[in-house]
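Chain order of the listed sequences is A and B.
Every letter in the first sequence is one number past the one before it in our numbering, and letter 249, counting from 1, is 249.
In short: position in the second sequence from 1, add 1000, done, that's our numbering.
One structure is given below, encoded as C-alpha cells.
There are 2 protein chains.
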Amino acid sequence: MTPYQAYVIDLDGTMYRGDEPLPFARAFVDKLAAKHIPYLFLTNNSSRTQEQIAAKLEHMGIRCRPENVLTTSIAAAIFINQQKPGARCYAIGEDGLFDALKKEGHRIAGDHCDVVVIGMDRDLTYEKLSRACLEVQNGALFLSTNGDVTIPTERGLEPGNGALTSVISVSTGKDPIFIGKPESLIMDQALKQLGTDKASTLLVGDNYDTDILAGIHAGMDTLMVFTGVTPYERYPSLPEKPTYYVNQLNEWLPHI
Amino acid sequence: MTPYQAYVIDLDGTMYRGDEPLPFARAFVDKLAAKHIPYLFLTNNSSRTQEQIAAKLEHMGIRCRPENVLTTSIAAAIFINQQKPGARCYAIGEDGLFDALKKEGHRIAGDHCDVVVIGMDRDLTYEKLSRACLEVQNGALFLSTNGDVTIPTERGLEPGNGALTSVISVSTGKDPIFIGKPESLIMDQALKQLGTDKASTLLVGDNYDTDILAGIHAGMDTLMVFTGVTPYERYPSLPEKPTYYVNQLNEWLPHI
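Set out below in C-alpha cells:
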C-alpha cells in the first residue's frame, strides 16, 4: 500500500468522546505531524468556531491549529460565497455559524434575505423558526449545516440539526441543501483546502452513516474505527464497506 | 333533502376570519338554535380553552357555550383517557392543551411519562423538544393534536403544529398519532358528543384538506364554503368532492 499523502479526520468518536481523548488519537496525529502529512479535522458540529475546536484538541494534547479544522458552518459560509458573495443571511445557530458567516463577509439580517441557513441552536425559539419559514417562502436559498437527526448526550439522543431543520422543510414544502457529511459538498471543500486529490487522501471516521458514506460518496478511500457510533457488529451488514477498518487507531500507525 | 339533525362546524374560515365574524355566520347559528338542531364547533386549534373560544364567538354575536366546542386538545385528552386514565403526560402546548389534560384528570410531568402530546406552542424551546424526544424514546405514547404544517397569520404562513411535531418524529423515527382533522378520530368524538349518527349529521367547513376530508373519512355528508382556505378554483380538481358547496353560508339557510 502506498502511504496516503493527506488525511481527513472526524472528531467526535474518532479523536475524542465528550471531553476525553480516545486512545492513540494523540499518537496518530503526532505521527502525521512527524511525517509532514497534512491533515484536516472535519466535523458536522456547527456550534463551535475553529478556534474553540483547536483549543479543545490542544488541551487534550492533540496538535491542531484553527486552520486544521473544517466545520459545517465554515463549509456553509464558503458555499454561500460561491453562490452569492456578501449575501444577506438569516441564520439559526450558535457561535460557530455566526462567526463563520461573518468571516466570509456575509451580512446577518432579519428580513429580505438571500439565504436562510440552519445550524444547531440550543436557544431555538418559535419566532426563529417562523422567521426562517417566511424567508424561505419569500425565495431565500435554504441551507442546513447538516442532516444529523440526533445528538448523543449524557441524557440520551437529543434532537439534532436535521430534526430542527425539518420544521422549515415540512412547513414550506421546500427541501434544504445539506452541507455536512455524508454530502460530498463538504468533502470537496476539504480536499480543496488540503490541496490534495481524492485518490491520495484517506478519510478516517467512526460513523458509517456520516463519515464513511461521505468518503464513499466523494470516491475516497476510508478508514473506519470502532470507537464511536457504529459498532463492529454492524460491519457485516454494511451495504458498501469502508476500504479499511480498525478497532483502535494504533492498528493503523504502521501504515502512516 | 331531509334536513340534517345535527351540525359539526369548523371555526376559522367558516365562522370567522381572525377577529371578524364571516357574513351570515351569526344567522346560520341562530337558525340552528331556533330549530333546536344541536351543533358542535370543531377546531384544530389546540391553544385555546373551550371557555376562551365560546367567549370569542359570543363576543361576535354567535351563540356558543363552552360545551358546544370541541378542540383537538379536548379530543387528545379524551383519547388519552381511553388509553390510560389518569396518565402521566409530558405536553408541549398552550393554555388549551394544559387545561384539557387537567380537566380529564391527567397529570403533567417532566419524566417517566406514559404519554407525550404535542400542540401548538409559541413559547417552544429546544429543551421542550429534547424532553419530548427522550420520553418518546423511552416508550411514551406519542400524540400530536393536529398535523397542520402552517398557520396563516398577518405575516404569512408560519409553522403549524404538524411542522413542530416533525422535530420529534424525525429525531426518534416514530410517527405520532394525530388527533385533529382530517383524522376520523376527532370526528368520532364529535358524533359521540352530539349523540347523533353520521348519516344525519352534516360537517361544515372551508378547508378541503382538513375539514372536508375529515367528514369524508368519517363517512359523513359535507358542506364546503368558499370563505376560507380552499378557493372555488380548486373545486374542479378535488379528488373526492364535498356533498354540497356554497359561496357563503346564507345560501344554505333554506336547508336548515
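All C-beta atoms, glycine included, are put in the ideal place defined by N, C-alpha and C.
Assigned secondary structure, residue i (DSSP; H/G/I helix, E/B strand, else coil)
| i | result |
| --- | --- |
| Pro1066/B | helix |
| Pro236/A | helix |
| Phe1041/B | strand |
| Thr1125/B | strand |
| Pro23/A | coil |
| Gly1215/B | helix |
| Arg17/A | strand |
| Tyr1004/B | coil |
| Thr1210/B | helix |
| Asp197/A | coil |
| Val1136/B | helix |
| Val29/A | helix |
| Asp1010/B | coil |
Residue-chain proximity (residue i, chain B), Cβ-Cβ < 8 Å
| i | result |
| --- | --- |
| Ser144/A | no |
| Ala76/A | no |
| Leu97/A | no |
| Glu58/A | no |
| Gly205/A | no |
| Leu129/A | yes |
| Ser171/A | yes |
| Ala163/A | yes |
Residue-chain proximity (residue i, chain A), Cβ-Cβ < 8 Å
| i | result |
| --- | --- |
| Asp1121/B | yes |
| Gln1137/B | yes |
| Leu1194/B | no |
| Glu1183/B | no |
| Arg1155/B | yes |
| Gly1180/B | no |
| Leu1141/B | no |
| Cys1133/B | yes |
| Leu1124/B | yes |
| Pro1159/B | yes |
Cβ-Cβ separation, residue j to residue i (assumed contact under 8 Å), whole Å
| i | j | result |
| --- | --- | --- |
| Val1117/B | Thr1145/B | 7 Å |
| Cys113/A | Ala75/A | Wrong, their Cβ atoms sit about 19 Å apart, outside the cutoff. |
| Ser46/A | Gly93/A | 6 Å |
| Leu1070/B | Ala1190/B | 6 Å |
| Tyr208/A | Thr230/A | 4 Å |
| Ala970/B | Phe1098/B | Only positions 1001 to 1256 of chain B appear in the structure, and residue 970/B is not among them; the question remains open. |
| Thr201/A | Ala54/A | Not really, about 21 Å apart at Cβ, beyond 8 Å. |
| Asp10/A | Thr43/A | 7 Å |
| Gly162/A | Val1170/B | 7 Å |
| Leu1194/B | Leu1040/B | 5 Å |
Heavy atom of the ligand FMN within 7 Å of residue i beta-carbon
| i | result |
| --- | --- |
| Tyr1039/B | Within the structure as shown, the ligand FMN is missing, as the structure has no ligands at all. |
Which whole runs of the beta strand (DSSP E) in the region 1138-1186 of chain B are 3 residues long or more, in chain order? If we require 3 residues or more, the beta strand (DSSP E) runs fully inside the region 1138-1186 of chain B come out as 1141-1144, 1150-1153 and 1156-1159.
Entirely within the region 52-114 of chain A and at least 4 residues each: give me those alpha helix (DSSP H) ranges in chain order. The region 52-114 of chain A contains these whole alpha helix (DSSP H) runs: 72-83 and 95-103.
Is the region 220-238 of chain A in contact with the region 78-87 of chain A, if contact means three or more CB pairs nearer than 8 Å? Touching, no.
Whether or not the region 181-189 of chain A and the region 1176-1193 of chain B are in contact is what I'm after, with contact meaning three or more pairs of Cβ atoms, one per stretch, closer than 8 Å; do they touch? As far as the Cβ criterion goes, the region 1176-1193 of chain B does not touch the region 181-189 of chain A, which means the pair count is below three.
Evaluate the contact criterion for the region 235-244 of chain A versus the region 13-31 of chain A: three or more CB pairs, one atom per stretch, below 8 Å. The region 235-244 of chain A makes no contact with the region 13-31 of chain A, as fewer than three CB pairs between them are under 8 Å.
Quick one: any contact between the region 1148-1161 of chain B and the region 1099-1106 of chain B, if contact means 3 or more CB pairs under 8 Å? Contact fails: fewer than three Cβ-Cβ distances are below 8 Å.
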